[in-house]
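A short worksheet on the structure shown next.
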Amino acid sequence: MSGERAASRGGRDAAALRARLRVRRRDFDVDVAFEVAPGETLAVMGRSGAGKSTILQVLAGLVSLKEGEITVDGRVIDRSSGPRVRTPPMSRGIVLLGQDARLFPHLSARENVAFGPRGSGVAASLARSAADDWLARVGLPDAGDRRPSELSGGERQRVAVARALAAEPRVVLLDEPLVALDPVTASEIRTMLGERLAGVTTVAVTHDAVDAAALADRLMIIEQGRVTQSGPVRKVLAAPATDVAARIAGLERLVGIASDGGWLGGEARLRTTDAASLALARTDGVPLAAVFRAADVRLTLPRARLAATADNVWRATVTHLVPTPTGVRALTDTGAAEIAAAQAATLAPGTEVVLRLAPDLVRFVPVA
Amino acid sequence: MSGERAASRGGRDAAALRARLRVRRRDFDVDVAFEVAPGETLAVMGRSGAGKSTILQVLAGLVSLKEGEITVDGRVIDRSSGPRVRTPPMSRGIVLLGQDARLFPHLSARENVAFGPRGSGVAASLARSAADDWLARVGLPDAGDRRPSELSGGERQRVAVARALAAEPRVVLLDEPLVALDPVTASEIRTMLGERLAGVTTVAVTHDAVDAAALADRLMIIEQGRVTQSGPVRKVLAAPATDVAARIAGLERLVGIASDGGWLGGEARLRTTDAASLALARTDGVPLAAVFRAADVRLTLPRARLAATADNVWRATVTHLVPTPTGVRALTDTGAAEIAAAQAATLAPGTEVVLRLAPDLVRFVPVA
Amino acid sequence: MTDGRGGYIPRSLVVPAAVGLVFLLVPLTALVARVEWATLWQDVTSETSRAALALSLGTGAVATAVCALVGVPLAIVIARSTPRTAALLRALVTVPLVLPPMVGGVALLYLFGRSGWFGALGLPFTTPAVVLAQVFVALPFLVLAVEGSLRSTGVGYERTAAALGASRLTILRRITLPLAAPGIVAGIVLCFARAIGEFGATALFAGNRPGVTQTMPLAIYTAFNGAGVSQGTAVALSLLLLVTAVAVLLLVRGWRPGAAR
Amino acid sequence: MTDGRGGYIPRSLVVPAAVGLVFLLVPLTALVARVEWATLWQDVTSETSRAALALSLGTGAVATAVCALVGVPLAIVIARSTPRTAALLRALVTVPLVLPPMVGGVALLYLFGRSGWFGALGLPFTTPAVVLAQVFVALPFLVLAVEGSLRSTGVGYERTAAALGASRLTILRRITLPLAAPGIVAGIVLCFARAIGEFGATALFAGNRPGVTQTMPLAIYTAFNGAGVSQGTAVALSLLLLVTAVAVLLLVRGWRPGAAR
Amino acid sequence: AAPAPSEDASAGSGVSGTVEVYAAASLQRSFDEIAAAFEEDNPDVQVTAVYDGSSTLATQIGEGAPADVFASADEKNMAKVADRAPDPQVFAGNTLVIVVPAGNPGAVDDLADLAGVTTVLCAPEVPCGAASATLLSNAGVAVTLASAEQNVTAVLTKVAAEEADAGLVYATDVVGRDDVEAIVPDGAADVVNRYPIAALADARNPEAAAAFVDFVLSARGQEILSAAGFRAP
Ligand SMILES: Nc1ncnc2c1ncn2[C@@H]1O[C@H](COP(=O)(O)OP(=O)(O)OP(=O)(O)O)[C@@H](O)[C@H]1O
Ligand SMILES: Nc1ncnc2c1ncn2[C@@H]1O[C@H](COP(=O)(O)OP(=O)(O)OP(=O)(O)O)[C@@H](O)[C@H]1O
Ligand SMILES: [Mg+2]
Ligand SMILES: [Mg+2]
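Chains as they are written, first to last, in my numbering: chain A, 604 to 971; chain B, 604 to 971; chain C, 8 to 268; chain D, 8 to 268; chain E, 418 to 650.
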């Protein structure tokens, strides 16, 4: 695999990919800096329109840098100042799987996958049999002869994944590689990608924390064109610094302040048993966020006299009730709770409820 | 909203949409029959290539029926035999949001959204201001003047959703409406769709059980062009009849037989406390599937002497370890378990482990 | 997703492209070299030349409009027919292209002449006859160019529009035509240029009446055949035609900039 | 995602389309009505006609090949230039289109003639001169048709290919050209048809020497202009040219069916 | 320099090779016959004839066309190539006739009738047009033109198509045609168009060129021309 090649070439620079980039898209600008170590996978997550695809397009050379520098294995491939450098996409050693699959409509699935290798001089028959292997790996062993117009959406996406990987790049950029796939297929492709990307320097945009956790070493959260948090995937997901990061991690996040070794937000007061969290709450008054899973929250209707100041118990007003596969998610003005469908029947938007959260199920994280 | 119109017109027929269709795509054929009640939302799920989009395309009139009949509000819009009927797409009163967003590249986002209403004779200024409202509803209040090429992937998807709904159809078909959206945006759009689709007869293809639960009344599982299960969403997700349905529901599913009031599969034997499950296990020897959540399974390394036949405890061999946002998912030859990252470090593919599952966390379902 | 003009073409393509361009332009410089500057102004502003230029532009514009009105529909029908039908229709449209225009003029004369099937119309020797001759020779160019472009854009967006409930007319007006705009513009340019340069069919069918049917090409030919020793007038008129036509085309292109995508 | 031919066009479009087609074809029937059947076979198989037909097909094919070789690159360069450059280049390419072919012939003669800049080449009045004249008049058609089509297909796939590491040449060969295939075929058809029907420039620049430069249109012209004979021969030759050209075009279209998408 | 016409020029003069004759389109029929007769007399010679408008031919000869002999339909075009054809000789003359469609639907009898019917003439710029203008002004007839045609063929075509009731063309143009009728008007003999011929100075085959010119001027040549309706020079 090319990943080994990439790693061995990266002698001069600890990072295989190093980017500091600013670009402007109409009235929106992206300004980020990051590095990816040789063989490492960096996941990029963030809201729609945050600038994720823009970053990949700049790396791939499809959008030009307004300011900054990009190096691959120590070689500058793009630089806005000094001796200006602008390596065209095909000479960067970087392959991009774009957000649109954009399979070549006039080529069969096999020819699409073989396109990269054939372009780099691999013999036609060899490239074609390699393409067949790739198609088998993405679960489409019989689709070789079909045109993109004869494939389903998920099949097209998989062919596009195969096409990008078959090009054996030094650096691969994946923009939502598992989009449009059902859970079964997605998990198969995720496993395949996990194996195939080992050793290949990768930047992957995804909207699914499961993908990020399964595929990436590090996670970078982008908001409005800026990096708001980055670090090892599990760490970021466990301690989301922003609301977006928390939502991505599937966690509830309430912002308050440290108070008396606990967390205080409006009427609600939370205590925790987590050592790291306790350390953060030591100084009264510092802004602090409490994070927890909605599934861990117990929801009840308020009984006659509730001690309004009891720790880890607070009043809230239901805003939305969203059915989920196993029950109902009750969204309130302060945090959400997963409840059974039967219980949800007694609630409606506006209902006053009491939420409870065990101290071992809540953690505190600093506010960015 | 048009949904009310639809409901009032559907007098002659209890179902707003009734379809019995067979179509052939190359060497694949789809053969399904279903109905959607006025104002109801039917979710369609299934593996990639199962035929979901094909079904929507046939309903929309983009692909022609090989055999069967489709009626909307009692009016036959497509029929393969007898007096042959083939209503063109624009006269069906059905709007399709296809799997490709396919925004019109030469029109601005606003003009794209206004396309449907303007086509049906709404005055330009009215259609345009309605389009602006729709853009605001999908979280893009300022994107009206932009061309599709100036939008991010998720923004394009949202404009496409707005465009489909703005057409105010009697029946709306949505092919993966929430694809390419981050969790935050997806939940906003899901809420919006939930409100807007109330009363509109809808068929929605999705890959996410969360979407199905939030938006749909009923769920239909398609496998290889056939309906393998259908019913109220929560019911189908709770009692998946096939492996695919189970994976979609996020459940583990092991097939075995009823034996002695419990479930027997190879060495493993499971008992349950669930009444409905117990009823199913009454007759020894009937095929039976055990379903449970991987998160509920406890995994340990085998201690010296394990009673091989203990109920709800079984031996298994690890096949894959997949990092997840909160830990690791250990896949074994018989079921999966969610474990902590620390514990996963002691495992590798091939390790023998013991799995445990409390009787109140397992249910039995019939095998299709 | 576009950045600047985009597209990646081998730089070496510039070589044959330049050869092509030079080959088209150098003969014109040879023409300019023969201009008799002394009489240029007089030749260009003569009554004959002004009348002929006005007639050329007028008939050329009308002929182009007629071609667009019938040619674009024809191109759409061909592009959206089954492959067999399309091949046949395309071949039929190509026929008049192959015919030397002079023969086309004879055919038109046989058809619309006093003894012809449509003799009652009294068309020959009138300005409408010039338009007719121009349409006859220029229409195939428009049809074939537009058809090629329609075929490249495909039917995907039309289907999407249909799935949104748009009527066929709306689809045509708001989707098909705008998306095929670059091809239609190319076709119209070809058509106008061909119409305005038309000589053979016009000469035979419409004749050569100054002010009525004498278009620029006929005036040029007349000047060329004149027994005068030098061909200065013909060259001068050619340049006038050329400059005017290019100016018109640049203006028309200016109207609808960019085009779709 | 296509089902059959797809596309939704107003049925009423068929009316103008039919009008266009009929207008192109009826004059030809008028021509056929004038055929002198008695001498048809003799006219068509005469030495002159056979030599002219062979010359026409040969030079037409060579000219089309030359046009494709320089015209497609030129079209690509124009399609992928900035809007300003493209507008200028397009206007330059259009110039020879507007010129009455006869004037084009004069220009070529001035350039390559005895007293011209390239007089030393000795080109005029030879078979290569026929090819040159045909290229001069036909090239713009090819360039403009192909350019329109390239513009419709856009650069999206080229960028995707570049992001997969394909070289510019690979992109050209495997993406740009195949995707523009319908336009290129349309352009080549236009070009071949125009070349084979070319008369004015050839008559002046290459002359009318039987077997050497007398192509079908010139043979038709000669038959037509010969004093004292009826025009039966000219009509017969026209029909021969027409049938042959259409046959050739149908064959060529047959080679590459469907085209992309 | 062309040798003076001699009686025995027609007898095999020992010339050989090819001779390329550029001749006005109106000479096509007679020159085809003359060429055949000349080849018969000189078996080693091959005549290639190129026919087109005199103006076109003159331009081509001016630019080095490989012509050996140039036969023009008028003297002005011959004058254009004076440097290559220093010594032209008039070999034939042509006069105008009124041409009417078969059956003469316009009942045209003489020039005066042209004023009352649809008439097409050659454009005044081209030789036949100039001659027509002279003829008409000599006769004092003012004609409203339906069209000023580019050449004789265009006039003939329109008359044959009954598009026009009458036109003026050369006598030779109507010989052998059954779809039109010719009427010789009064005064036609006063307006004679002269056809000059010359062997070109730089002819590749000067002997054969000279021999061909001689042959055209010989009794044999003149006989053929006269059969085609030309007048003696
Ligand atoms: N135009 C076509 N011609 C031939 N086969 C097709 C065509 N479109 C789809 N197919 C095939 O039909 C089957 C069903 O396709 P369909 O698009 O309905 O799948 P789907 O369930 O929507 O899948 P996905 O979740 O991947 O979008 C697939 O095997 C696909 O390859
Ligand atoms: N070609 C363009 N011209 C102008 N603005 C653009 C262009 N492409 C994207 N944008 C804008 O830039 C911002 C970032 O777009 P980008 O595609 O990088 O978002 P993203 O993070 O990938 O979002 P998504 O998750 O929806 O794909 C968006 O606001 C978008 O509207
Ligand atoms: Mg994106
Ligand atoms: Mg699909």
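We put the CB at the ideal spot given by N, CA and C, even for glycine. Just so you know, these numbers come straight off a predicted model, no measurement behind them.
Item to check | Closer than 7 Å: residue 655 of chain A CB and nearest ligand 3 heavy atom | outcome: Here residue 655 of chain A refers to the residue found at position 52 when the first sequence is read from its first residue. Yes, ligand 3 has a heavy atom inside 7 Å of this Cβ.
Checklist entry - Tell me, which residues are paired with residue 810 of chain B by DSSP? => result Mapped onto the second sequence, residue 810 of chain B falls at position 207. None, per the DSSP bridge assignment.
Item to check | Per-residue contacts from residue 216 of chain C into chain D (C-beta, under 9 Å) | outcome: Walking along the third sequence from the start, residue 216 of chain C turns up at place 209. Within chain D, no residue comes near residue 216 of chain C; the closest Cβ sits about 18 Å away, beyond 9 Å.
Item to check | Three-state secondary structure assigned by DSSP to residue 895 of chain A | outcome: One-based indexing of the first sequence puts residue 895 of chain A at position 292. Three-state result, residue 895 of chain A: strand.
Checklist entry - residue 757 of chain A: which of B:886, B:625, B:808, B:968 sits nearest, CA to CA? => result Along the first sequence, one-based indexing puts residue 757 of chain A at 154. Taking only the C-alpha atoms, the option nearest residue 757 of chain A is B:808.
Checklist entry - Does the beta carbon of residue 103 of chain C sit closer than 8 Å to a beta carbon anywhere in chain D? => result The residue you call residue 103 of chain C lines up with position 96 of the third sequence. By this cut-off, residue 103 of chain C is an interface position.
Item to check | Three-state class that DSSP yields for residue 840 of chain A in the structure shown | outcome: In the first sequence, counting from the first residue as 1, residue 840 of chain A sits at position 237. Correct three-state label for residue 840 of chain A: helix.
Next on the checklist: What does the Cβ neighbour count give for residue 125 of chain C, buried or exposed, with the cut at 16 atoms within 10 Å?
Outcome noted: Here residue 125 of chain C refers to the residue found at position 118 of the third sequence. Per the 10 Å Cβ criterion, exposed.
Checklist entry - Which partner residues does residue 510 of chain E have in the DSSP bridge list? => result Here residue 510 of chain E refers to the residue found at position 93 when the fifth sequence is read from its first residue. Paired residues: E:611, E:648.
Checklist entry - Considering only the beta carbon of each residue, do residue 111 of chain C and residue 150 of chain C sit closer than 8 Å? => result By 1-based counting over the third sequence, the position of residue 111 of chain C is 104. By 1-based counting over the third sequence, the position of residue 150 of chain C is 143. Taking 8 Å as the Cβ cut-off, residue 111 of chain C and residue 150 of chain C do not qualify as a contacting pair.
Next on the checklist: To the nearest angstrom, how far is the alpha carbon of residue 654 of chain A from that of residue 888 of chain A?
Outcome noted: Within the first sequence, the letter at position 51 stands for residue 654 of chain A. Within the first sequence, the letter at position 285 stands for residue 888 of chain A. Computed Cα separation, rounded: 34 Å.
Next on the checklist: Can you tell me whether residue 754 of chain B sits near ligand 2, meaning its C-beta is under 7 Å from at least one heavy atom of the ligand?
Outcome noted: Taking the second sequence and counting its residues from 1, the one referred to as residue 754 of chain B is at position 151. It does: the Cβ of residue 754 of chain B is within 7 Å (strictly closer) of some heavy atom of ligand 2.
Checklist entry - When every heavy atom of ligand 4 is checked, does at least one fall within less than 7 Å of the C-beta of residue 808 of chain B? => result Indexing the second sequence from 1 puts residue 808 of chain B at position 205. Yes; taking the cut-off as 7 Å, the Cβ of residue 808 of chain B has a heavy atom of ligand 4 nearer than that.
Checklist entry - Of all the CB atoms in chain D, is at least one closer than 8 Å to the CB of residue 485 of chain E? => result Locating residue 485 of chain E in the fifth sequence gives position 68, where the first residue counts as 1. Not closer than 8 Å to any Cβ of chain D, the Cβ of residue 485 of chain E fails to qualify, so no.
Next on the checklist: Tell me the residue span of the beta strand (DSSP E) that contains residue 637 of chain A.
Outcome noted: As a first step, residue 637 of chain A is located in the first sequence; it is residue number 34 there, counting from the start. 631 to 639 is the extent of the beta strand (DSSP E) around residue 637 of chain A.
Checklist entry - Between the segment 542 to 555 of chain E and chain C, which residues of the former have a C-beta closer than 8 Å to a C-beta of the latter? => result 542, 543, 544, 547
Checklist entry - Which same chain residues, not among the five before or five after residue 936 of chain A, have their C-beta less than 7 Å away from its C-beta? => result Taking the first sequence and counting its residues from 1, one reaches residue 936 of chain A at position 333. Around residue 936 of chain A: 919, 920, 922.
Checklist entry - Using 8 Å as the Cβ pair cut-off and three pairs as the minimum, do the segment 21 to 40 of chain C and the segment 242 to 251 of chain C touch? => result yes
Checklist entry - With DSSP run on the structure shown, which of helix, strand or coil describes residue 487 of chain E? => result What you label residue 487 of chain E is simply residue 70 of the fifth sequence in a count that begins at 1. In the structure shown, residue 487 of chain E sits in a strand (DSSP, three-state: E or B).
Checklist entry - How is residue 515 of chain E classed by DSSP in three states: helix, strand or coil? => result Position 98 of the fifth sequence, counted from the first residue, corresponds to residue 515 of chain E. The answer is strand: DSSP assigns residue 515 of chain E an E or B state.
Checklist entry - What number of angstroms, rounded off, separates the C-alpha of residue 139 of chain C from the C-alpha of residue 666 of chain B? => result Stepping through the third sequence from its first residue, residue 139 of chain C is reached at position 132. Stepping through the second sequence from its first residue, residue 666 of chain B is reached at position 63. Going from the Cα of residue 139 of chain C to the Cα of residue 666 of chain B covers about 43 Å.
Checklist entry - Is any beta-carbon of chain B found at less than 8 Å from that of residue 959 of chain A? => result Mapped onto the first sequence, residue 959 of chain A falls at position 356. It does not; no Cβ of chain B falls within 8 Å.
Next on the checklist: Between residue 137 of chain D and residue 187 of chain D, how many whole angstroms is the CB-CB distance? I'm expecting something under 8 Å.
Outcome noted: The count along the fourth sequence starts at 1 and reaches residue 137 of chain D at position 130. The count along the fourth sequence starts at 1 and reaches residue 187 of chain D at position 180. With 8 Å as the limit, residue 137 of chain D and residue 187 of chain D do not qualify as a contact, their Cβ atoms being about 29 Å apart.
Checklist entry - Apart from the five residues on each side of it in sequence, which residues of its chain come closer than 7 Å, Cβ to Cβ, to residue 235 of chain D? => result Here the question's residue 235 of chain D lines up with position 228 in the fourth sequence. With a pLDDT of 45 at residue 235 of chain D, under the threshold of 50, the modelled position of this residue cannot be trusted; read the value that follows with caution. There are no such residues.
Next on the checklist: Helix, strand or coil for residue 627 of chain B? Go by DSSP, reduced to three states.
Outcome noted: Taking the second sequence and counting its residues from 1, one reaches residue 627 of chain B at position 24. The answer is strand: DSSP assigns residue 627 of chain B an E or B state.
Next on the checklist: If you reduce the DSSP assignment to three classes, tell me which class residue 970 of chain A lands in.
Outcome noted: Here residue 970 of chain A refers to the residue found at position 367 of the first sequence. If DSSP states are grouped into helix, strand and coil, residue 970 of chain A belongs with coil.
Item to check | Three-state secondary structure (DSSP) of residue 235 of chain D | outcome: Taking the first residue of the fourth sequence as position 1, residue 235 of chain D is located at position 228. Here the model assigns residue 235 of chain D a pLDDT of 45, short of 50, so the residue's position is not dependable and the matter cannot be decided.
Checklist entry - Is residue 15 of chain C helix, strand or coil by DSSP? => result Within the third sequence, the letter at position 8 stands for residue 15 of chain C. Three-state DSSP puts residue 15 of chain C in coil, outside helix and strand.
Item to check | Secondary structure, alpha helix (DSSP H): runs of 4+ residues fully inside the segment 514 to 596 of chain E | outcome: 544 to 556, 569 to 577
Next on the checklist: So residue 642 of chain B and residue 831 of chain B are supposed to be a Cβ contact under 8 Å. How far apart are they, rounded?
Outcome noted: As a position in the second sequence, residue 642 of chain B is number 39, starting the count at 1. As a position in the second sequence, residue 831 of chain B is number 228, starting the count at 1. The Cβ separation is near 26 Å, so there is no contact.
Checklist entry - Are the C-beta atoms of residue 457 of chain E and some chain C residue less than 8 Å apart? => result Reading the fifth sequence from its first residue, position 40 is the one you call residue 457 of chain E. With 8 Å as the cut-off, residue 457 of chain E does not count as an interface residue toward chain C.
Item to check | Cβ-based neighbour list, residue 46 of chain C, same chain, cut-off 8 Å, excluding 5 preceding and 5 following | outcome: Numbered from 1 along the third sequence, position 39 holds the residue referred to as residue 46 of chain C. The residues are 239, 240, 243.
Checklist entry - What does a CB cutoff of less than 7 Å around residue 794 of chain B pick up in its chain, not counting 5 residues either side in sequence? => result As a working mapping, residue 794 of chain B is identified with position 191 in the second sequence. Excluding residues within five positions, none has a Cβ falling inside 7 Å.
Next on the checklist: Given this structure, state the Cα-to-Cα distance separating residue 951 of chain B from residue 932 of chain B, to the nearest angstrom.
Outcome noted: Start at 1 with the first residue of the second sequence, and residue 951 of chain B comes out as number 348. Start at 1 with the first residue of the second sequence, and residue 932 of chain B comes out as number 329. Cα to Cα, the separation comes out at about 12 Å.
Next on the checklist: Just to make sure I have the definition right: I need the residues of chain C whose C-beta is within less than 8 Å of the C-beta of residue 573 of chain E. Which are they?
Outcome noted: Along the fifth sequence, read from residue 1 onward, the residue named residue 573 of chain E stands at position 156. Here the premise fails: no neighbours, minimum Cβ distance about 11 Å.
Checklist entry - Is the beta carbon of residue 660 of chain A within less than 7 Å of some heavy atom of ligand 4? => result Taking the first residue of the first sequence as 1, we reach residue 660 of chain A at position 57. For ligand 4, not one heavy atom lies less than 7 Å from the Cβ of residue 660 of chain A.
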